[in-house]
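Q: Residue numbers (the numbering used here): 114 to 877.
Provided herewith is a single structure, encoded as structure tokens, for subsequent inquiry.
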Amino acid sequence: MLSRKTARARYPFCLLLCWCAALNAETLRWTAAEAARDQGLALVRGPDAEFRIETVEGHAVAVLQPAGHYYRRASFLIRLNKSVAGKAWLVIEYLDRGFGLVQISAPGNNRVVEQDGVARLNTGRLRRAWFAFEQTDFERRLAPRADIQLYGVPYLHAIELVDRPPSRETLPAVQSVIRLKRPLELVISAGADAQTLEGLPAALANMRSLLPLVKALGFAGIESYVKWNFVERSPGVFDWSFYDAIVAEIERHGLKWFPLLVAGSAYALPDWFYNSPEMDGYVCLEHRIKIEIPTIFNDKQVKYVRRFLNEFGRHYEPRKVLLGVRLGPSANYGEAQYPATGAWGYRWGQLHTHIGYWAGDPDATLRFREWLRARYRTVEALNAAWFTRYGSFEEVTTFLPDTAQSPRMRVDFGTWYMDAMSEWCEKWALWAREAMPNTPIYQSSGGWGAVPIGTDYTAQSKSMAKVRGGIRLTNENDSYLNNFCVTRMAASAARHYGIRLGLEPAGFSSARGVMARLYNAITNNADHLFYYHPNLLGNDEAVDLWLKHAPLLDERAQPRREVAVFYPDTANKLSDDVLRHRLASAFFERVQALRRLMEFDYVSEQLILDGALDHYKALVFLWGRVAEAPVIERMDAWVRKGGIILYPERQQQREGPLGTPDGDISIAQRWRRGDTGRGRVIYFEGYPEPPIHYIEFVRDTLRDLPALSPQLRRALRLELPRDVFWSLTESGRLVFLNYSDHSAVVRFAEGKTLKLAPYHIAFE
114 MLSRKTARAR YPFCLLLCWC AALNAETLRW TAAEAARDQG LALVRGPDAE FRIETVEGHA
174 VAVLQPAGHY YRRASFLIRL NKSVAGKAWL VIEYLDRGFG LVQISAPGNN RVVEQDGVAR
234 LNTGRLRRAW FAFEQTDFER RLAPRADIQL YGVPYLHAIE LVDRPPSRET LPAVQSVIRL
294 KRPLELVISA GADAQTLEGL PAALANMRSL LPLVKALGFA GIESYVKWNF VERSPGVFDW
354 SFYDAIVAEI ERHGLKWFPL LVAGSAYALP DWFYNSPEMD GYVCLEHRIK IEIPTIFNDK
414 QVKYVRRFLN EFGRHYEPRK VLLGVRLGPS ANYGEAQYPA TGAWGYRWGQ LHTHIGYWAG
474 DPDATLRFRE WLRARYRTVE ALNAAWFTRY GSFEEVTTFL PDTAQSPRMR VDFGTWYMDA
534 MSEWCEKWAL WAREAMPNTP IYQSSGGWGA VPIGTDYTAQ SKSMAKVRGG IRLTNENDSY
594 LNNFCVTRMA ASAARHYGIR LGLEPAGFSS ARGVMARLYN AITNNADHLF YYHPNLLGND
654 EAVDLWLKHA PLLDERAQPR REVAVFYPDT ANKLSDDVLR HRLASAFFER VQALRRLMEF
714 DYVSEQLILD GALDHYKALV FLWGRVAEAP VIERMDAWVR KGGIILYPER QQQREGPLGT
774 PDGDISIAQR WRRGDTGRGR VIYFEGYPEP PIHYIEFVRD TLRDLPALSP QLRRALRLEL
834 PRDVFWSLTE SGRLVFLNYS DHSAVVRFAE GKTLKLAPYH IAFE
């Protein structure tokens, strides 16, 4: 006779055994209570697949040992000891502790066509997940001779392989664990997309599994892509049934919708438009190849874009389901930039794509000529500036910047090229605001500032202020230093123009990236934070770190604005060494080195013209010694009122001191003579390489400047490990990130210490 304790441990599984026995006497199974017994399935041990059998809350379970690595996952390895054929259902019974996603991998021709119960919701009871295989092909392809990997289950109670579909689970009611007091748009993907209209049932099934889980984790907005070809399959006839079904599922869970509206990318083009004379694609200057992404250099798509936005707004804004919308004006995915990477072609075919200059179509040349006429008026003035011999503007064509005959010629092309994208994106924003007067609107801004990509973060931020909108960056990754480099320009501009700031990863991220991005949101007072659900649910550590630290979003704040770094817009247009190659950028190399020692904003040339220097006390040059004349004049006026500039004199010494593209260095010469009014220009005359010489000079100089606040000078005296970062908020609070695998200690000048666990955030 079983003891009461043993009976309690086995009772839930007895029910499962009876249910399966009724289906098939040859059911394969494994149970933690009888782990050594061969019942057709076995757990095998291997790398990152170690476990122990324990009794937890009265249930016999296999407890999975963590992998202890941020880029690997722990898993149970399942081996079939008997052969099976045809359709099959893998049933996983687990103790539901913590939040996560049950996932499997089965190499070979073992395609999963349906699943249920895969969201771990911390109910504290035994629950069941199952996966349906359309056919089975188990040949022990996983070392050591295993067939299936099971992820996301820390406490495994039983496994079965059956030949009939199990019943669906009724999900328990779910409440959000994260309840913020300060409003913030927390948005996540949840499988709410499909490549074709026929993918709707699978999308809805994914959502039914994921929505309770992401809601529990605090997310209130669900993102999906609204593709033009899904809704206007015939000209002028709109069918919203696909997205109505998506929205109904979102509403059923008490959540909001945050769609990306895509009408300017190849994969979203309706057949009737793609095959019409109005379809004109970009042409790259490098290869003269036309592609399937519509060019922005003519107006052939304008009436269709406006109609698409208007119809969307008419259909959905009155329903109050929209948390906001994101605009997809162009590029590979639907972003505010030119084509770059991502081969999403028409009907998901291949696409010629690369980072380059997409101004090779005839209309691009016409627009370029118009821009030059407005700037120079006469061809004689153009020739004088460019050192060229054109007989008329009609002889001018677009060109690769490397072939420019003068600095001014290259700067002009880069300025026109970036401005053209900024103007196109502003039109989209204005049209969207007309269509949706009451909905938050975000521009999708990707890249990292390289001229060929075309994203001018300052211009896009300034234009979104006209529609009371925001900018959502799409460029973060697993590196905090990268994220600071590529998001700080937009964050600084958003602060100046008073617009919303949103953050999105470019794709994959581990728990490291989850924490780096959370810190970036906290220290920039973000209004919107987006994750792809695998960022949190595709690894073993992120959810716990998220649950512990997400409440800190209530304490997010703007950083103290005292020190800014000059953002080299004009230098960027003149030379590829500035930003073109992200991983080899001379500017980013120095930004990363300085960020290890302190925090700062960027100020671009347009921000300087718009008065941003008035917010700062010191301006640091890192790379780039050229700017337009009105910008240098504004710098000079700021210095004369008391501003302080730090400048590395020997760096780029061959190119000369700070000047204009046309060679005017007169203001720099006055500064060198000490003619700076009430301000100062402090020159670093030490070694130009490696950059750390200048970087440490900047820190040491700033921490002794009386013009800076005592709070900032105190922070500059912190002793902290290499991968610990600090931010000083407007109110004077310090917030730290330990972005390393090891515990870290921060030491204050007054003797106090602060200990930080790996990948943890803490306020002083």
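All C-beta atoms in this analysis are idealised placements derived from N, C-alpha and C, irrespective of residue type, glycine included.
Remember, predicted model here, so these are calculated numbers, not experimental data.
On a Cα-Cα basis, can you pick out the residue from 826, 859, 141, 850 that is closest to residue 198?
A: Position 85 of the sequence shown, counted from the first residue, corresponds to residue 198. The shortest Cα separation from residue 198 among 826, 859, 141, 850 belongs to 141.
Q: Between which residues of its own chain and residue 161 is the CB-CB distance below 6 Å, once the five residues before and five after are set aside?
A: For this step, residue 161 is matched to residue 48 along the sequence shown. 180, 185, 187, listed in sequence order.
Q: What do you reckon, are the CB atoms on residue 745 and residue 795 nearer than 8 Å?
A: One-based indexing of the sequence shown puts residue 745 at position 632. One-based indexing of the sequence shown puts residue 795 at position 682. Against a cut-off of 8 Å, the Cβ pair of residue 795 and residue 745 comes out as no contact.
Q: Taking the alpha carbon of residue 836 as the reference point, which residue from 706, 772, 844 has its own alpha carbon closest?
A: As a working mapping, residue 836 is identified with position 723 in the sequence shown. Checking every option, the nearest Cα to that of residue 836 belongs to 706.
Q: Can you tell me where the beta strand (DSSP E) with residue 548 in it begins and where it stops?
A: Your numbering for residue 548 matches position 435 in the sequence shown. Not the beta strand (DSSP E): residue 548 falls in the alpha helix (DSSP H), residues 520-548.
Q: In this structure, how does DSSP classify residue 218 when only helix, strand and coil are distinguished?
A: The residue given as residue 218 occupies position 105 in the sequence shown. Strand at residue 218.
Q: Could you check whether the segment 533-547 touches the segment 563-582, counting it as contact only if at least three pairs of C-beta atoms, one from each stretch, sit closer than 8 Å?
A: Yes, the segment 533-547 touches the segment 563-582.
Q: In three-state DSSP terms, what is residue 499?
A: For the purposes of this step, residue 499 is identified with residue 386 of the sequence shown, where counting begins at 1. Three-state DSSP puts residue 499 in a helix.
Q: What does the Cβ neighbour count give for residue 134, buried or exposed, with the cut at 16 atoms within 10 Å?
A: Here residue 134 refers to the residue found at position 21 of the sequence shown. With a pLDDT of only 38 at residue 134, under 50, the local geometry of the prediction cannot be trusted, and the value read off the model is given with reservation. Under this definition residue 134 is an exposed residue.
Q: Compare the C-alpha of residue 564 against each of 694, 388, 637, 722 and name the closest.
A: Within the sequence shown, the letter at position 451 stands for residue 564. Selected option, being the one with the closest Cα: 694.
Q: Identify whether residue 423 lies in helix, strand or coil by the three-state DSSP scheme.
A: Along the sequence shown, one-based indexing puts residue 423 at 310. Three-state DSSP puts residue 423 in a helix.
Q: Let me confirm a value: residue 319 is counted as buried when at least 16 other C-beta atoms fall within 10 Å, else exposed. Which label applies?
A: As a working note, residue 319 is residue 206 in the sequence shown. When all chains shown are included, residue 319 counts as buried.
Q: Which runs of the beta strand (DSSP E), 3 residues or longer, sit entirely within the segment 163-222?
A: Taking only runs of at least 3 residues, the beta strand (DSSP E) segments lying wholly in the segment 163-222 are 164-169, 172-177, 189-193, 201-208, 212-214, 216-218.
Q: How far does the alpha helix (DSSP H) with residue 734 in it reach, from first residue to last?
A: Counting from 1 along the sequence shown, the entry for residue 734 is found at position 621. Careful: residue 734 lies outside any alpha helix (DSSP H) and carries neither H nor E.
Q: Out of 683, 271, 630, state which residue places its alpha-carbon closest to the alpha-carbon of residue 662.
A: Locating residue 662 in the sequence shown gives position 549, counting from the first residue. Comparing Cα-Cα distances from residue 662 to each of 683, 271, 630, the minimum goes to 630.
Q: Residue range of the beta strand (DSSP E) that residue 240 falls in?
A: For the purposes of this step, residue 240 is taken as the residue at position 127 of the sequence shown. Here the beta strand (DSSP E) through residue 240 covers 239-246.
Q: Taking the continuous alpha helix (DSSP H) assigned at residue 813, which residues delimit it?
A: Indexing the sequence shown from 1 puts residue 813 at position 700. From DSSP, the alpha helix (DSSP H) with residue 813 extends over 805-815.
Q: Could you give the uninterrupted runs of the beta strand (DSSP E) lying entirely in the segment 336-420, keeping only those of 3 residues or more?
A: Entirely contained in the segment 336-420, the beta strand (DSSP E) runs reaching 3 residues are, in chain order, 369-375, 394-396, 403-407.
Q: What does the alpha-carbon distance come out to for the pair residue 653 and residue 646?
A: For this step, residue 653 is matched to residue 540 along the sequence shown. For this step, residue 646 is matched to residue 533 along the sequence shown. So the two alpha carbons sit approximately 13 Å from each other.
Q: Comparing alpha-carbon positions, which option in 664, 676, 383 lies nearest residue 815?
A: Counting from one through the sequence shown, the residue named residue 815 turns up at place 702. Measuring from the Cα of residue 815, the nearest candidate turns out to be 676.
Q: Cutting at 6 Å between CB atoms, please list the residues of its own chain near residue 599, excluding the five before and the five after it.
A: On the sequence shown, residue 599 is found 486 positions in, with the first residue counted as 1. Hits under 6 Å: 561, 588.
Q: Which residues in the same chain have their Cβ closer than 6 Å to the Cβ of residue 719, if we skip the five residues on either side of it in sequence?
A: Translated into positions along the sequence shown, residue 719 becomes position 606. The residues are 571.
Q: Can you look up residue 761 in the DSSP assignment and give me helix, strand or coil?
A: In the sequence shown, the residue the question calls residue 761 occupies position 648. Strand, per DSSP.
Q: In the DSSP assignment, the alpha helix (DSSP H) including residue 874 goes from what residue to what residue?
A: The residue labelled residue 874 in the question sits at position 761 within the sequence shown. From DSSP, residue 874 is part of no alpha helix (DSSP H) but of the beta strand (DSSP E) over 873-876.
Q: Just the C-alpha distance for residue 539 and residue 411, rounded to the nearest angstrom, thanks.
A: In the sequence shown, counting from the first residue as 1, residue 539 sits at position 426. In the sequence shown, counting from the first residue as 1, residue 411 sits at position 298. Rounded to the nearest angstrom, the two C-alpha atoms are 15 Å apart.
Q: Count the other C-beta atoms from every protein chain shown that fall within 10 angstroms of the C-beta of residue 445, then say buried if there are 16 or more, exposed otherwise.
A: The count along the sequence shown starts at 1 and reaches residue 445 at position 332. When all chains shown are included, residue 445 counts as buried.
Q: Is residue 741 helix, strand or coil when you go by DSSP?
A: In the sequence shown, the residue the question calls residue 741 occupies position 628. Correct three-state label for residue 741: coil.
Q: Please name the residue or residues paired with residue 772 in a DSSP beta bridge.
A: Position 659 of the sequence shown, counted from the start, is the residue given in the question as residue 772. Note: residue 772 sits in a beta bridge opposite 739.
Q: Please state the DSSP three-state secondary structure of residue 605.
A: Reading the sequence shown from its first residue, position 492 is the one you call residue 605. Residue 605 falls in the helix class under three-state DSSP.
Q: Applying the criterion that 16 or more other CB atoms from any shown protein chain within 10 Å of the CB defines a buried residue, is residue 195 buried or exposed?
A: Here the question's residue 195 lines up with position 82 in the sequence shown. When all chains shown are included, residue 195 counts as exposed.
Q: Contact between the segment 245-259 and the segment 208-221: three or more CB pairs below 8 Å?
A: Touching, yes, given that three or more Cβ pairs across the two stretches are closer than 8 Å.
Q: What number of angstroms, rounded off, separates the C-alpha of residue 385 from the C-alpha of residue 406?
A: In the sequence shown, the residue the question calls residue 385 occupies position 272. In the sequence shown, the residue the question calls residue 406 occupies position 293. About 15 Å.
Q: Along the alpha helix (DSSP H) that carries residue 570, what are the first and last residues, could you check?
A: Locating residue 570 in the sequence shown gives position 457, counting from the first residue. Looking at the DSSP string, the run of the alpha helix (DSSP H) that includes residue 570 is 570-578.
Q: Is DSSP giving residue 863 helix, strand or coil here?
A: Residue mapping note: residue 863 aligns to position 750 of the sequence shown, counting from 1. Coil at residue 863, not helix or strand.
Q: Going by Cα to Cα distance, which pick from 165, 282, 591, 249 is closest to residue 205?
A: The residue labelled residue 205 in the question sits at position 92 within the sequence shown. Residue 205 has its Cα closest to that of 282, out of 165, 282, 591, 249.
Q: Is the beta carbon of residue 861 sitting closer than 8 Å to the one on residue 831?
A: The residue given as residue 861 occupies position 748 in the sequence shown. The residue given as residue 831 occupies position 718 in the sequence shown. Their beta carbons are under 8 Å apart, which means residue 861 touches residue 831 by this criterion.
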